[in-house]
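Our numbering numbers the first residue of the sequence shown as 183 and each following residue consecutively. Idealized CB from N, CA, C, for every residue including glycine. Okay, so here's the structure we're looking at.
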Amino acid sequence: MLMDIRGSKLIKSKYYSFSLIILAYAALALVAKTLLQLEIAAMRSGVSIFLESNIFLMIAPSMALVGYAAVKTLKLAE
């Protein structure tokens, strides 16, 4: 059900949308895990301000993914 050149249907199943939401949260989990590993490595080397000075690196993807999930959830509820 992919869109061809003439403009037929896109993939619009609810399962496809739910899988996109799950993949988005999985990507967020990978980002958080990487940042935590960087923080642990920084603390072992004596630098403990990595997370405090770069907290926006965790907040920005979280806000984007929460917004994406909210939009997808609202579209699925229609």
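Under the three-state DSSP convention, the category residue i falls into
i, result
"P243", "helix"
"G249", "helix"
"V213", "helix"
"S201", "helix"
Straight-line Cα distance separating residue j from residue i
i, j, result
"V253", "I222", "34 angstroms"
"A211", "L217", "10 angstroms"
"A208", "S201", "10 angstroms"
"Y250", "A224", "32 angstroms"
"A242", "L205", "17 angstroms"
"R226", "V213", "20 angstroms"
"Q219", "V248", "23 angstroms"
Residue environment, residue i, which counts as buried when at least 16 other CB atoms sit within 10 Å
i, result
"K215", "exposed"
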